[in-house]
Amino acid sequence: LPGDILIQKKNFTLYFPLTTGILLSIFISLVLFLISKK
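Residues in the sequence shown are numbered from -15 upward in steps of one, following this note's numbering.
Next comes the structure, spelled out in structure tokens:
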């Protein structure tokens, strides 16, 4: 996905899916909102 961060060094790789994290947090917030609404 666009917005993902990938840092590659000699013996170190950091992969941070920024877009995935944002979508996941929105989804979790929506689920919690629907649960608390009942």
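Cβ coordinates follow ideal geometry from the N, Cα and C atoms, glycine included.
Secondary structure of residue i, DSSP reduced to three states
i	result
Lys22	coil
Integer Cβ distance of residue i from residue j, believed to fall under 8 Å
i	j	result
Leu2	Ile(-9)	That pair is no contact at about 12 Å.
Ile(-11)	Phe0	4 Å
DSSP beta-bridge partners of residue i
i	result
Ile(-9)	Leu(-2)
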